[in-house]
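Counting from 1, position 220 in the sequence shown corresponds to residue 439 in our numbering; the numbering is continuous, with no gaps. By construction, the Cβ of each residue, glycine as well, lies at the ideal position given by its N, Cα and C atoms. One structure is given below, encoded as structure tokens.
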Amino acid sequence: MSKIAIIGSGSWGVALATHLAKCGNEINLWSFNEEEKRLINEERRCKFLPGLVIHENITCSHDFQEVIHQAKFILHVTPSKFTRETVKQYKSYVGDIPIIICSKGFEKETLKTLDEVMLEELPTAKIGVLSGPSHAEEVSIAIPTALVVASKQEEILRLIQDTFMCDEMRIYTSKDVKGVELGGALKNIIAFCAGVTAGIGLGDNTFAALITRGLSELTRLGIQLGGEKETFYGLSGLGDLIVTCLSEHSRNRKAGKLIGQGKSLEETQEEVGMVIESIDNIEVAYELSKIHNIEMPIVETVYQVIYKNLDPQEAVKKLMTREKKSE
220 MSKIAIIGSG SWGVALATHL AKCGNEINLW SFNEEEKRLI NEERRCKFLP GLVIHENITC
280 SHDFQEVIHQ AKFILHVTPS KFTRETVKQY KSYVGDIPII ICSKGFEKET LKTLDEVMLE
340 ELPTAKIGVL SGPSHAEEVS IAIPTALVVA SKQEEILRLI QDTFMCDEMR IYTSKDVKGV
400 ELGGALKNII AFCAGVTAGI GLGDNTFAAL ITRGLSELTR LGIQLGGEKE TFYGLSGLGD
460 LIVTCLSEHS RNRKAGKLIG QGKSLEETQE EVGMVIESID NIEVAYELSK IHNIEMPIVE
520 TVYQVIYKNL DPQEAVKKLM TREKKSE
């Protein structure tokens with residue numbers, strides 16, 4: 220039995236904890252919220268995953284030192300916007316314990332990826348990134364799932380592959396940290412757009428066009444930022460794009476759908492009830508596209524929907540009537 224630390228007790232943190240606990244590991248979750256801690260430790264449930272009974276090998280604490288002490292590795296699973304602040308609080312306890320980033324997004328204020336944020340705070344840290352098509356609701360009940368872990372260090376790749384793999388989960392490895400991380404972050408934007416198209420009542424033809432052209436956009440930007448083209452056609456790019464665009468489990472898709480139905484951004488955030496990574500990611504991707512002079516018409520148009528009050532129906536018309544192009 221290995222001890223594993225998970226920083227973050229939301230739906231994805233608890234889902235990963237559940238999977239690893241079923242594999243025979245001892246899991247220490249960190250939560251900033253007293254009520255979440257109480258629910259996990261005393262009632263053995265998670266408010267984000269109704270019906271799940273928390274495994275006996277899982278405990279929850281507010282104490283970073285207690286959670287991290289003697290851990291084989293750390294899974295960082297907080298919302299992107301809280302990554303730097305949270306790492307600052309626990310970095311003195313890390314030592315040489317590997318940190319695997321399981322969050323998907325950017326630091327909005329600096330336009331940095333989360334591995335860059337992590338390495339600014341912990342320059343000598345052993346870093347990995349875990350991504351891929353994986354709804355917490357399905358991982359927590361052992362529906363077969365395939366993920367990819369990326370790291371520059373072979374020992375981390377083997378550690379995560381050996382620890383996670385079982386009949387219900389398959390782990391692939393990659394050295395393309397930047398590509399895997401960017402695939403997971405950028406696909407949230409297209410998932411939000413997929414929700415908008417559902418909200419205004421468009422059909423399968425539109426979804427197919429959106430996913431295809433969206434993948435083209437995120438690949439262009441991803442390559443410019445240091446990712447490898449092949450990565451964006453793998454699990455963390457195309458795979459995650461499919462699952463978040465088409466599934467009702469996706470909070471990013473749900474948020475877009477509410478916007479398409481005429482809800483305000485504030486009303487949408489309140490109804491979703493959890494952090495919507497795509498909202499910040501849209502602004503970051505828009506800024507990065509301008510900095511690097513990358514053509515991203517879908518990103519630019521959804522940016523105008525969110526921040527410039529462009530009507531979603533007009534947004535579709537704007538995209539469909541762009542100048543003629545070759546594929």
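Within 9 Å, strictly: CB atoms of residue i and residue j
i, j, result
"residue 350", "residue 465", "no"
"residue 380", "residue 368", "yes"
"residue 336", "residue 371", "no"
"residue 404", "residue 254", "no"
"residue 294", "residue 243", "no"
"residue 422", "residue 322", "no"
"residue 324", "residue 333", "yes"
Where residue i falls: helix, strand or coil (DSSP)
i, result
"residue 248", "strand"
"residue 265", "coil"
"residue 351", "coil"
"residue 543", "coil"
"residue 224", "strand"
Proximity winner among the options, relative to residue i (alpha-carbon distances)
i, options, result
"residue 289", "476, 517, 221", "221"
"residue 527", "345, 484, 429, 399", "484"
"residue 523", "451, 378, 478", "478"
"residue 539", "306, 230, 424", "424"
"residue 261", "338, 280, 437", "280"
"residue 418", "294, 242, 535, 228", "535"
"residue 402", "443, 385, 427", "443"
"residue 309", "296, 518, 287", "287"
"residue 414", "445, 474, 355", "474"
"residue 361", "385, 502, 430", "385"
"residue 319", "377, 330, 268", "377"
"residue 430", "468, 458, 312", "458"
"residue 553", "501, 447, 471, 505", "One cannot answer for residue 553 here, as it falls past the ends of the chain, which runs 220 to 546."
Endpoints, beta strand (DSSP E) assigned at residue i
i, result
"residue 393", "388-393"
"residue 272", "Residue 272 -> no beta strand (DSSP E), and no H or E assigned at all."
"residue 365", "364-369"
Endpoints, alpha helix (DSSP H) assigned at residue i
i, result
"residue 360", "Here residue 360 belongs to no alpha helix (DSSP H), and DSSP marks it neither H nor E."
"residue 372", "First-last for residue 372: undefined, no H or E at that position."
"residue 287", "283-287"
"residue 232", "230-241"
Kindly provide the ranges of any beta strand (DSSP E) runs that are 3 or more residues long and lie completely inside the region 442-503, ordered along the chain.
-> none
Please list the segments of the beta strand (DSSP E) lying wholly inside the region 290-345, counting only runs of 3 or more residues, in order along the chain.
-> 292-295, 318-320
Report the residue ranges of all alpha helix (DSSP H) runs contained in full by the region 407-438; include only those spanning at least 4 residues, in chain order.
-> none
Entirely within the region 498-533 and at least 4 residues each: give me those alpha helix (DSSP H) ranges in chain order.
-> 516-526
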